[in-house]
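Peer 1:
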Amino acid sequence: MVDLSASGIGNQQLFNCWNGSMMLNMLLDELDIRQLNIDWIRFHVGLVNQEPILFDLAIAENVVYGLENVRMKDIISAASKGNIHDFIEQVPQGYETKVGTKGSFLTGDEKQSIATARALLCQPKILFLDETTSAMDSYNEQMVQQALNKVQAEEPSQTSLIIAHRL
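Count the sequence shown with my numbering and you get residues 1194 to 1360, in order.
#1: Need the endpoints of the alpha helix (DSSP H) that T1300 sits in, please.
#2: Out of I1307, F1236, Q1351 and A1340, which has the shortest C-alpha to C-alpha gap to L1247?
#3: In whole angstroms, what is the alpha-carbon distance linking Q1339 and V1241?
#4: In the structure shown, what three-state DSSP assignment does A1251 receive?
#5: Of all the options Q1283, P1317 and Y1332, which has the alpha carbon lying nearest to the alpha carbon of V1344?
#6: Taking the CB atoms as reference points, tell me whether A1253 and E1289 lie closer together than 8 Å.
#7: Would you decide whether M1265 is buried or exposed? Buried here means 16 or more other CB atoms lie within 10 Å of its CB.
#8: Only counting the same chain, and skipping five residues up and downstream in sequence, which positions put a Cβ closer than 6 Å to that of V1263?
#9: Could you pull the start and end residues of the alpha helix (DSSP H) that L1341 belongs to?
#10: Does L1320 come out as helix, strand or coil in the three-state DSSP assignment?
#11: Excluding the 5 residues preceding and the 5 following L1379 in the sequence, name in chain order all residues of the same chain whose CB lies nearer than 8 Å to its CB.
#12: Assuming A1251 contacts A1310 under a Cβ cut-off of 8 Å, what Cβ separation, rounded to an integer in Å, is found between them?
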């Protein structure tokens, strides 16, 4: 599902229904989302915000944050899908590069790409992307969109909700 409406006319209202900041009913497979088990939601729903949260850890640790026993090849695959792998390969410490507090050592598009890789690593059933390419130039935005299209083709049962003013 893609919302291509203009900026400032309520694109985010649908997203706000999901994250609980609006008191409207939202159903998932005919179940009110407020009735779902929070652990199920955390496991099956991926979320990437416009201003992603990164921790003062290495890139790899930020990609796998909250997960255990993740193989390096899976981290690399997710980073490739998030269009950040090539950048990581170019920095001296690669995946062990520290990102700084709140990702302060990174540009906005690098932060968004790492957060996208984190969400894709979990292979969520539902993926919410809220302005996740807003800090990217048009080339990188196109690369991420192509990667997301590939992910969707590989996993057609996944639902993606993308809030974007450019697509």
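Glycine included, each C-beta is placed from N, C-alpha and C at the ideal position.
Peer 2: Reading from the atomic positions:
#1: Element bounds for T1300: n/a, residue is neither H nor E.
#2: I1307
#3: 17 Å
#4: strand
#5: P1317
#6: The answer is yes: Cβ separation under 8 Å.
#7: M1265 is classed as exposed because its beta carbon has fewer than 16 other beta carbons within 10 Å across all chains shown.
#8: V1257
#9: S1331 to E1347
#10: strand
#11: The structure shown does not extend to residue 1379, since the chain spans only 1194 to 1360, so no value can be given for it.
#12: With a Cβ gap of about 13 Å, A1251 and A1310 do not count as contacting.
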